[in-house]
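See structure below.
There are 2 protein chains.
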Amino acid sequence: MAKTTFEEISAADFFYRNRDLAGFTNPSRAIFAAVRELVENSLDAAESLKIPPDVYVRLSYADDAGEERNVYRLRVEDNGIGVPPRHIPSAFGQVLYGSKYNPKQQRGTFGLGGKMAILYGQITTHQPARVISSTGKSKIYMYKLMIDIQRNRPLILDRRVLINKEQWRGTIVEFSLEGDYFRAMPKILEYFKQTAMVNPYANLTFVDPKGRLYKFTRITEKMPDAPKETLPHPYGVDVELLQRLIHVTSYRSMLEFLQKHFHRIGEITAKKFLEFSIISPSKNPKKLSHREVVRLMRMMKKFKGFLPPNASCLSPLGEELLKAGVLKELQPEFVAVHQRKPSAYAGHPFIVEVAIAYGGEIPKKGSFLIHRFANRIPLLYDEASDVSTIVINSMNWRRYKVTPDMPIAIAVHICSTKIPYKTVGKEFIADRPEIRREIANALRGVARRLQRFLTRREHASRELKRLDIFSQYLPKIAKFSTQLAGKEKNPDIEKLLRSVKRFGT
Amino acid sequence: MAKTTFEEISAADFFYRNRDLAGFTNPSRAIFAAVRELVENSLDAAESLKIPPDVYVRLSYADDAGEERNVYRLRVEDNGIGVPPRHIPSAFGQVLYGSKYNPKQQRGTFGLGGKMAILYGQITTHQPARVISSTGKSKIYMYKLMIDIQRNRPLILDRRVLINKEQWRGTIVEFSLEGDYFRAMPKILEYFKQTAMVNPYANLTFVDPKGRLYKFTRITEKMPDAPKETLPHPYGVDVELLQRLIHVTSYRSMLEFLQKHFHRIGEITAKKFLEFSIISPSKNPKKLSHREVVRLMRMMKKFKGFLPPNASCLSPLGEELLKAGVLKELQPEFVAVHQRKPSAYAGHPFIVEVAIAYGGEIPKKGSFLIHRFANRIPLLYDEASDVSTIVINSMNWRRYKVTPDMPIAIAVHICSTKIPYKTVGKEFIADRPEIRREIANALRGVARRLQRFLTRREHASRELKRLDIFSQYLPKIAKFSTQLAGKEKNPDIEKLLRSVKRFGT
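Written out as structure tokens, the structure is:
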């Protein structure tokens, strides 16, 4: 008879066993994933201080790489906020431990990527990782650590404290890993290029194993506001969240409870909602029964009077920057950009921005060139399943006189306090109906403008042809008529030509 | 100045916060995911006993569904192995606890789906789940439980023990959840249909909220062998795995260690490998230094003398069954099936089976109809990113005289002791190079056969036309010649017609 064995595994063990989930599928994807995860942590760390990021990435052959040269040493250095010393071991050596678990716009979402990179390095090379960090105070802390995967705990092998004479602030992470840089190279370079495009206030430096230097210099010091945390929006709550808030609240009336723990509920809205759902304003939230909590959640979803989420906590690119980026990278003949008003899914605010570009350097390849961004990072893998691709493919482009064989590029940027990624590797975004709708509406707007451009261009070219005919034959007719009339001076045909012109030039 | 708060979250909390990862993206996907996860657990539970599965699924409106009717009660009942009573609470109320963490072919992979379904039910309805199970012994155990998400622990609300008079064996899971059955319906019905197709020894019964009964009756009692666990193959090991094996081993020499802990290493192979990597056969594995462990792993990947993984632990569908399934469901004019020899990725054995079908009931839709299966379950979402789709789209079909506007369906089944899913929701399979290659080779084989069929058909239709012309004109010519010759009896043109025929019919 079959025997079934039950066991409990740690979160680190789970992701160790299922590395494909986090993007560490093969040596090429692994090295890409490691670079991007650490770069994104660095950008977040600088932005949380509203300091223009300086990120330095060096990938070199490890000393013991041997002939095959598939073992690398990765070093990522930033000028970010730094990690407080007591958090360093867990922040780098424990899965599901981190600072990313609050609702604000940031690149990291899962508190997992950096650790997965270190974990992957460890299981392929068995070398410890080195983390050096300072919050800019008097000391610099250096840890040498590994991950105890079965227990999901950091193993500290060495710890040193240095005097921070120069008041350096930032974090350096360095470790070895197996990989295949030369297959990953095109994606890694594309990643830096597109990241620079949407983070024009960052300095990005990348030195590859051959010693080639790629430098993306900031073009502005202007920083977006540091992302802010938000309270949950009532439309997005579930019973679990309500229970947690009820558990921790210090407020003793529903009227206060609603105002203090939810996004955009003021006194008037709170009163209206309580009236709508027939709950006494003085009711103590801690006294709600299970059934009442479920009812509260349902009523919150049903009530039409809540204000939409405030997007002041979001930092979109802005139409200007998006346009500049597209113009710089693609040098198109035409570009239209559009930023939608803030919207929300499951209570999380989000903003969609799109650009459509035509002609110029854009290649004709039988389908549109799609660039996807989420919270200012480019998404380069698994495009086909992304909500943006789904929307683009399901649009009726013929309505806009657009066909896939035209040289067209589309860029979509989604920023949100919580991007609904489908994979832990942050490859693509789930098909949430609210997000789908916003992307579709944004695209329709720019598609109409592209259509106008194309129509105008067609008219102009037709007009040019028409005028060409006039200007070819009118002089001949004029000359002939002059001769016929026995006159000597040809009439002024410019006047005539102007009179048949339909549009200004 | 910005404040960064660090926190540790439980695995349950992680998946609660990131439900999109597990397929619980919207009310329609959520209800689909809940049904499939429980059905797959049930099929696994019966198969592990080599008993033809009987799975009964009932989805009904919950009592408190109200007018909107978006709250359902889901009940899934099976005749499987049953869960030992002391494991019931954790097996259903604790994430990353389960019986799926061993390398054998089974539908479940992550030990997560069933709990996610229950967790989703809990956060949308706040109702406990009911689990009833018996291993067929004298007692039946009934638990009412919820999940403490923050601590990732089951909360037992009620526990009862009943006498098992009728020696019932199996498991019943029942809970409430919010969802949108009517949007999910097409996918759910498709799911049952395709599941029945590749599990012809299972009885599947589904009662939907309107009381409609869908019954898929088994057509055979013949069961595949119960899946077997395998040892890790040396090509797939990493340092972590080696360390774990060294930690638990009771063998004191490398020669024994290799033979006892790895797949397909016998004494001769072990000796050859140790000689190749210059390790003494009598070396105690527990005495290997870190550096030596890393070297051991590298040598294992380099050594060419290991036997490929043995696929006796796998249970493919078989060409016959795959063909029968395709013929039954699609009623095509032509079908070719092919099963590849076992192969391996990262040390996990796998087998690819494909079918290509043409004409008949297959719709023409401008692209191929693709059916994907993994370990005998259909994959219905996120097709575009799946390795099968990637291979199909990158093939040069023109070589086989095939164009996308032909009525063509392709089915791909991958079975493995570990399917490399890209998402926790098991929507699609990662693009591992070894798997990609096997699919491509399998498809080339059947594509050639399709090409031969199409060429033959074209010849035949041309021939038919040609004969048609002969048979139209020959009688007239015969008649005319007869008259001309003044004879009365027409000559026998059948003989003539036979002589111009090129191929037999």
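Residue numbers (my numbering), protein chains in the order written: chain H, 100 to 604; chain R, 100 to 604.
We treat Cβ as the ideally placed atom computed from N, Cα and C, and that holds for glycine.
Contacts of R:R531 in chain B (Cβ-Cβ under 7 Å) | This model lacks chain B altogether; the protein chains it does include are H and R.
What residues are listed by DSSP as bridge partners for R:N302?
-> R:D153
Going by DSSP, what residues sit across from R:M241 in a beta bridge?
-> R:I231, R:R259
Please compile the residues from chain R whose C-beta is within a distance smaller than 8 Å of the C-beta of H:K104.
-> Here residue 104 of chain H is Thr; the residue named in the question, Lys, does not match the sequence. Chain R residues near H:T104: S198, N201.
State buried or exposed for H:V154, treating a residue as buried only when at least 16 other CB atoms are found within 10 Å of its CB.
-> buried
Have a look at the DSSP bridge pairing and note the partners of R:I246.
-> R:P253
How many angstroms separate the CA atom of R:P202 from the CA atom of R:D481?
-> 25 Å
Run down chain R in chain order and give the residues with a C-beta less than 9 Å from the C-beta of H:S232.
-> Those do not exist, as H:S232 stays about 12 Å from chain R at its closest Cβ, beyond 9 Å.
With a cut-off of 8 Å on the beta carbons, I'd call R:S232 and R:V182 a contact; round off their distance for me.
-> 5 Å
Limits of the beta strand (DSSP E) - the one that R:K588 falls within = Note, R:K588: premise wrong, no beta strand (DSSP E); not H, not E.
Within the 7 Å Cβ cut-off, does H:P152 reach chain R?
-> no
R:E278 versus R:I130 - alpha carbon distance | Inspection of the sequence shows that residue 278 of chain R is occupied by Gly rather than by Glu. C-alpha separation (whole angstroms): 5 Å.
Closest Cα partner of H:Q293 within the set H:I528, H:Q193, H:L420 = H:L420
For R:R268, the residue or residues it bridges with in DSSP | R:T234
Which chain H residues are close to R:I248, counting only those with a beta carbon under 8 Å from its beta carbon?
-> E339
From H:E107 to H:R543, what does the alpha carbon distance come to, in whole angstroms?
-> 50 Å
For the region 476-564 of chain H, list the alpha helix (DSSP H) runs that are entirely contained and at least 4 residues long, ordered along the chain.
-> 486-493
In its own chain, which residues sit with a C-beta less than 6 Å from the C-beta of R:V599, not counting the 5 before and 5 after it?
-> F569
R:A539 touches chain H at which residues, Cβ-Cβ below 9 Å?
-> Those within 9 Å of R:A539 in chain H number zero; the least Cβ separation is about 16 Å.
Contact check, H:A133 vs H:L288, beta carbons under 7 Å = no
Note down the Cα distance separating R:R497 from R:V490, rounded to an integer number of angstroms.
-> 15 Å
Reference H:H346; option with closest CA among H:Q204, H:K386, H:P415, H:K500 | H:K386
Assign H:L429 to one of two classes, buried (16 or more other C-beta atoms within 10 Å of its C-beta) or exposed (fewer than that).
-> buried
Residue nearest to R:F274 in terms of C-alpha spacing, selected from R:Q226, R:A508, R:I455 | R:Q226
Over the uninterrupted alpha helix (DSSP H) stretch that includes H:K292, give me the two end residues.
-> 280-297
Where are the alpha helix (DSSP H) runs, 4 residues long or more, that stay fully inside the region 328-379 of chain R, in chain order?
-> 338-347, 353-360, 366-375
Is the CB of R:F113 under 7 Å away from at least one CB in chain H?
-> yes
H:F472, enclosing beta strand (DSSP E) - first and last residue | 468-473
Are the region 434-441 of chain H and the region 537-555 of chain H touching by the rule of at least three beta carbon pairs closer than 8 Å?
-> yes
Given that R:T224 touches chain H, what residues does it touch there, using C-beta distances under 8 Å?
-> V338, V393
Neighbourhood of H:F472 by C-beta, 6 Å cutoff - its chain only, sequence neighbours within 5 removed = V297, H512
Helix, strand or coil at H:D143 [DSSP, three-state] = helix
Rounded C-alpha distance that separates R:M245 from R:P299 = 35 Å
Report the option in H:I469, H:S414, H:P532, H:N140 whose CA atom is closest to the CA atom of H:V425.
-> H:I469
For R:I519, return the contacting residues in chain H, with the cut-off set at a CB-CB distance below 8 Å.
-> The question names Ile, but residue 519 of chain R in the sequence shown is Pro. Going along chain H in sequence order, the residues near R:P519 (Cβ under 8 Å) are D119, T124.
From R:A369 to R:K359, what does the alpha carbon distance come to, in whole angstroms?
-> 10 Å
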